[in-house]
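The structure appears below as structure tokens.
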Amino acid sequence: MTITVAPREVVDQVHRASRSHGCDADLADRLAAEIAFCEVHRGGGLAAWVTLADADLLEEAAHASFHLAAAEVVAHSSGRTTVGFDPPPPLAAIARSLRDLERRGVRYTPPVGTIADLTGTDLVPSLDLVVDGPAPVPHDRTEDQPTTAYHDGLPVDRSLWERLAAAAAGFPVSEAVLDAALKPAP
Numbered sequence: 001m002t003i004t005v006a007p008r009e010v011v012d013q014v015h016r017a018s019r020s021h022g023c024d025a026d027l028a029d030r031l032a033a034e035i036a037f038c039e040v041h042r043g044g045g046l047a048a049w050v051t052l053a054d055a056d057l058l059e060e061a062a063h064a065s066f067h068l069a070a071a072e073v074v075a076h077s078s079g080r081t082t083v084g085f086d087p088p089p090p091l092a093a094i095a096r097s098l099r100d101l102e103r104r105g106v107r108y109t110p111p112v113g114t115i116a117d118l119t120g121t122d123l124v125p126s127l128d129l130v131v132d133g134p135a136p137v138p139h140d141r142t143e144d145q146p147t148t149a150y151h152d153g154l155p156v157d158r159s160l161w162e163r164l165a166a167a168a169a170g171f172p173v174s175e176a177v178l179d180a181a182l183k184p185a186p
């Protein structure tokens, strides 16, 4: 059974749930952005988060995007490189970072198949990175999903959402903080 949530709710719940599982604010922010992006564009983001939380691998997964950033520097200086992950993160933990790499002209390929074949829960043990110039935005099965998700909401698995909400409840945010975030800057 599914329920409909706003993509922003995914970001908030993943951030708070990650904090309640011991991630610092920066790692929780990064993981929340990656997971929400994947849930909107590919699916499997929430399932990946639950799997990572159950295995106590949230921090390691959040660091995967930092490893990608370091590998990007090497790729730009040498034209290509391979980045390996130990333990391998699910695609959901690096999905947004991969999109950003491509926008900056770095192509990536997994050791088997293509990224387009993967969902958020699939593990990515390594990636080959090649500097090749900015990519045109490909037309794929997920092209219209972001617009629909932001307009109509995002259908997510109810049991996964409830697991996430229960974990997020361990890191409450005060009304004053929420209200302050909504006030316009002076």
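According to my numbering, numbering within the sequence shown proceeds without interruption in unit steps and concludes at 186. Even glycine gets a Cβ: it sits at the ideal position worked out from N, Cα and C.
Measuring only the C-alpha atoms, how far is residue i from residue j?
i	j	result
Asp132	Glu162	42 angstroms
Ala167	Ser18	8 angstroms
Ala75	Ala92	22 angstroms
Asp56	Asp26	17 angstroms
Asp122	Asp128	17 angstroms
Met1	Asp157	6 angstroms
Leu101	Val130	10 angstroms
Leu46	Cys23	17 angstroms
Pro87	Gly153	33 angstroms
Val73	Ala116	24 angstroms
Glu34	Ala64	11 angstroms
Pro155	Val11	14 angstroms
Does the Cβ-Cβ distance between residue i and residue j come in under 9 angstroms?
i	j	result
Ala32	His15	yes
Ala28	Cys38	no
Ala149	Gly120	no
Val124	Pro172	no
Leu118	Gln13	no
Gly79	Ser126	no
Ala62	Arg30	yes
Taking the continuous alpha helix (DSSP H) assigned at residue i, which residues delimit it?
i	result
Val112	Taken as a continuous stretch (DSSP letters only), Val112 belongs to no alpha helix (DSSP H), as it is neither H nor E.
Asp128	It is not in any alpha helix (DSSP H) - Asp128 instead sits in the beta strand (DSSP E) that spans 126-131.
Arg30	25-41
Leu197	No statement about residue 197 is possible, as the shown extent of the chain runs from 1 to 186 and does not include it.
Give me the DSSP bridge partner(s) of residue i.
i	result
Gly84	Ser126
Leu98	None; Leu98 has no bridge partner.
Pro90	Leu123
Thr147	According to DSSP, Thr147 bridges with nothing at all.
Val5	Leu154
Give the range of the beta strand (DSSP E) segment to which residue i is assigned.
i	result
Thr51	That residue, Thr51, is in no beta strand (DSSP E); its alpha helix (DSSP H) goes 45-54.
Leu154	154-157
Is the segment 4-15 touching the segment 65-73, taking contact as three or more C-beta pairs under 8 angstroms?
-> Touching, no.
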